[in-house]
Amino acid sequence: MKRAAAAYVVPVMAILLWSMAPLIRGSETLYLRDVFNTHLEKKWVQAEAMKQGRMPLVDQLRDGGQPHLGNPNTVALYPDNLLFLVSPFFWAFNAHFWLHLLIAPFTFFWMCRAWGLRRDASWVAGVCYATSGFFLSTMNLYNLIGGVTWAPALVAGFLQLQGDRGEGDRRRGRAIAIAALVWTLLLLAGDPMTSLIALGLAGSALLFRFGWRRLPWGSSVVALALGTLVAAPQVVEFLRILPLSFRGHQGYSTSAAMAASWNPITVADWFIPFAFGQPDLTFWGQRFFGGDPPLFYTLYPGLLALILVFSSRRPLSLRTRWAWGMVGVGLFLSLGAHNPLVGWLLAVPGLDLLRLPIKFWLLVAVGSGLLCGVSYQKLLEGSSTRRLIVSWAVLVAVYGFAWVVLSFWPQLVPDSLQPGSSGSNELADFERLRWAGLCFLALVSLAVYALIWRLGRHRSAMMGALLLTVHSASQLFLLRPMLPTDEIEVYSSPPEILAEIPEEAIVTHGKSNRLFGPVDVPVGLYPDPSLKWLERQIFRELYPVAGSLAGRRYDFSISAEGLDSFLTRATAQSLIMLPDLDRVRLLAASGVDRLLLGRELDAEVGNEAELVSRRETIGGEIWVYRLTNSVDEALFAGQVLRAPHLNAALSWITSEAFDPNKTAVLPDGGEILDGPGGEATVLESGPESMTVQVEAHSAGVLVIQRAFLPIYKARANGTPAPIVAANMHRIGVELPAGSHRVEIWVDRRPFLISGLASLVGIVFMSLVAWRY
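With my numbering as the guide, the letters of the sequence shown map in order to residues 6 to 777.
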């Protein structure tokens with residue numbers, strides 16, 4: 006049995022390790038899409054704070070301090086964050102991805118064993134899941150890969166709650182503790198929606214296997230309660246920042262929430278990887294994914310998985326019924342915008358916080374993975390051979406026909422399924438050639454599988470080992486575009502333009518988020534279509550992700566998940582619609598003193614912005630401006646206007662008569678003031694606090710260039726003082742005339758209390774495992 010286990014496990018793990026070798030060595034880094042453009046800066050800020058002995062509640066480098074720990078997408082409390090304390094940053098950052106890739110086959114193996122499958126069949130299912138296009142697509146999503154790794158483990162943990170009943174208190178307690186630990190990891194993994202889907206998987210598995218009457222209600226509730234208690238700091242901070250975040254206050258429109266929906270037309274991707282374009286600058290299938298690149302670039306499961314799923318027998322057993330049920334429900338929900346019922350469902354209060362329906366594909370991936378294990382076990386038992394042969398023959402026919410058409414009659418391919426408006430352009434010709442090559446490669450692979458089955462009929466261990474070796478190698482070869490890497494040196498070296506940005510500056514990059522208009526990607530200037538050239542340009546031009554790694558602060562660098570302050574998001578959105586002059590005035594009133602642009606400012610801006618330098622880049626030029634009217638980090642304004650809404654505040658702030666050094670705009674409902682103001686001197690400024698000495702010659706408002714967040718507290722002369730939103734998105738403290746010592750700080754008491762609750766949860770979890 007040990008030799009058989011080694012034959013199954015060792016080759017697969019060797020292939021996975023080999024594919025991750027550049028990351029494990031620490032010489033290269035993943036960079037595709039969200040890896041760099043969303044998560045790199047967040048993890049850098051946290052790593053630097055942890056080295057200073059603190060856990061950041063706000064990201065002090067972004068938009069005046071946006072929520073960090075409270076934003077689950079930062080994955081702030083996940084255990085592998087400890088790696089940042091003992092290893093180089095980029096190595097620890099990439100370890101989050103390859104460690105989960107190595108763990109995933111084992112968590113799925115555990116789930117299949119809990120469903121009663123044999124060890125060899127369970128391992129086959131685990132490998133099919135971990136090497137699927139769905140799972141490998143999460144290798145560019147720092148906040149998703151942990152959830153999709155541990156979701157099968159939650160199913161296993163919950164199934165074992167019932168399986169251990171009556172077998173001794175110690176075993177039952179251990180099962181509860183393990184299920185609680187897995188639930189904790191899911192809550193900390195970064196995506197609440199994935200956690201809810203995993204909980205649905207686990208609950209439905211219990212219901213299918215044991216029915217209502219035999220459900221282990223008590224053990225399940227205890228496990229969920231303990232897991233939630235251990236994850237309390239994450240949960241509490243999330244609930245603190247949610248009400249005034251963009252998602253919690255306004256939320257996404259139905260069309261925005263449904264942006265990532267599964268289009269049935271893309272079923273071709275099940276058979277041809279990246280059927281609608283590879284994840285690089287040649288991707289052309291946006292029209293099938295709501296106008297944007299898909300969240301998961303490919304859902305290709307692999308030929309072995311296709312054969313096993315298609316040869317699955319009609320659902321007789323409970324586990325097969327559950328697996329097919331999850332596939333069906335997953336497809337139904339993943340349709341999103343293509344299914345009116347999903348739109349109605351996600352409009353229900355509470356559920357309207359969820360978005361990107363394609364995340365429900367986790368249900369399809371888990372269900373089909375289990376079907377792979379069930380079919381393989383039937384094959385070993387000799388009861389599924391005929392179905393397997395039929396599935397293999399159908400795939401041979403499909404790929405053979407597709408290869409003939411693509412090779413000899415490409416004009417038969419509908420224009421609507423090709424790049425461009427007709428099939429005559431160069432990209433279309435390249436894509437048809439690529440499709441034909443992949444179809445031919447599939448035919449070769451099917452022949453290899455047939456040979457392995459033929460030779461290994463009486464040696465199941467050898468057959469399984471060879472099948473998995475070929476499957477794993479082919480999947481990682483075909484889906485390699487999902488795992489592009491680049492040299493770490495390119496991103497760890499400071500760009501030349503950094504010398505133009507003082508350390509104390511507050512910067513806005515006009516090309517980031519297209520704040521100053523559309524941005525063209527200079528595809529023709531790149532050596533090849535790889536996205537690494539775009540990322541290199543982003544770093545060379547000191548976009549927020551690059552500048553943050555050098556300790557520079559950026560304003561209007563909005564994060565995509567919608568958990569930044571609503572007021573900051575609204576102000577940034579208004580910036581996009583303004584002319585250059587009004588944009589510069591709004592930036593200056595927000596304390597921004599450096600502006601990076603990919604073009605020259607309009608002439609009407611005049612002397613409100615001074616050109617510092619122009620530098621050549623791979624995509625043209627970068628203009629560096631200094632805003633001459635930028636306000637200080639803290640100021641006391643004696644003139645106070647009261648705006649009935651944000652549009653009124655915006656029109657006043659961007660008007661020629663507005664002087665941000667003397668005037669502030671506050672929400673409606675108070676007294677309008679017109680006093681001489683006063684002076685504000687910053688005595689102390691930290692990442693989450695500030696102390697200011699104010700000499701007020703009249704009543705007015707202290708304006709601090711920090712993001713208005715509900716987690717801030719203030720006191721004046723030792724007395725608690727309310728904070729208000731000033732100039733649309735900054736912190737204001739109203740003060741009477743006189744001398745005042747004003748302190749603002751992020752209230753850490755809820756974090757500390759929830760941290761103690763987490764320790765209590767760990768103690769109780771240990772006691773349950775030891776004594777219950």
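Yeah, the Cβ is synthetic: ideal placement off N, Cα and C, and Gly gets one too.
At what residues does the beta strand (DSSP E) containing residue i begin and finish?
i	result
Ala-614	614-622
Ala-642	639-642
Gln-710	705-712
Asp-491	490-492
Ala-236	Looking at the DSSP string, Ala-236 is not in any beta strand (DSSP E), and its letter there is neither H nor E.
Gly-737	735-740
Gln-57	That residue, Gln-57, is in no beta strand (DSSP E); it is neither H nor E in DSSP.
Met-198	From DSSP, Met-198 is part of no beta strand (DSSP E) but of the alpha helix (DSSP H) over 197-215.
Ile-511	511-514
Val-697	694-701
Lys-718	717-721
Leu-602	599-602
Judging by CA-CA distance, which residue of the options is the nearest neighbour of residue i?
i	options	result
Val-227	Tyr-559, Leu-211, Gly-178, Ser-258	Gly-178
Gln-382	Ala-126, Gly-723, Ala-184	Ala-126
Ser-225	Thr-686, Ile-181, Leu-757, Leu-473	Ile-181
Leu-481	Thr-136, Ser-92, Leu-368	Thr-136
Pro-362	Met-198, Val-418, Leu-376, His-514	Met-198
Arg-753	Arg-292, Leu-484, Val-645, Ile-716	Ile-716
Ser-412	Thr-390, Asp-420, Leu-438	Leu-438
Arg-118	Leu-107, Pro-93, Ala-130	Ala-130
Val-371	Pro-345, Gly-333, Val-347	Gly-333
Leu-375	Met-467, Arg-67, Met-116, Gly-674	Met-116
Trp-96	Ile-502, Gly-290, Ala-52, Glu-605	Ala-52
Reducing DSSP to helix, strand and coil, say where residue i ends up.
i	result
Pro-672	strand
Ala-370	helix
Lys-47	helix
Trp-750	strand
Arg-590	helix
Ile-627	strand
His-73	coil
Gly-683	strand
Met-25	coil
Ser-427	The pLDDT assigned to Ser-427 is 45, lower than 50, so where the model puts this residue is not dependable; a value taken from the coordinates is nonetheless given after this. In this structure, Ser-427 counts as coil in the three-state DSSP scheme.
Met-116	helix
His-105	helix
Thr-259	helix
Leu-141	helix
Asp-64	strand
Please classify residue i as buried or exposed, where buried requires at least 16 neighbouring CB atoms within 10 angstroms.
i	result
Met-487	buried
Trp-414	exposed
Trp-128	buried
Lys-364	buried
Asn-78	buried
His-435	The sequence shown places Phe at residue 435, not His. Flag for Phe-435 reads exposed.
Asp-491	buried
Leu-775	Checking the sequence shown, residue 775 turns out to be Trp, not Leu. So Trp-775 ends up on the exposed side.
Lys-7	exposed
Pro-93	exposed
Pro-725	exposed
Pro-306	buried
Leu-591	buried
Ile-749	buried
Val-512	buried
Between residue i and residue j, which are expected to be in contact by the criterion C-beta below 8 angstroms, what is the C-beta distance as a whole number of angstroms?
i	j	result
Gly-253	Leu-247	4 angstroms
Thr-633	Glu-546	That belief does not hold up - the Cβ atoms of Thr-633 and Glu-546 are roughly 23 angstroms apart, past 8 angstroms.
Ala-685	Ala-639	5 angstroms
Ile-658	Met-733	7 angstroms
Leu-572	Ala-470	Actually they do not touch by this definition, with Cβ atoms about 58 angstroms apart.
By the DSSP assignment, the alpha helix (DSSP H) with residue i in it spans what residues?
i	result
Thr-474	465-483
Gln-578	571-582
Ala-328	323-339
Ile-394	390-413
Tyr-454	431-460
Val-347	345-350
Val-129	124-135
Gln-832	Residue 832 lies beyond the stretch modelled for the chain, which goes from 6 to 777, so this question has no answer here.
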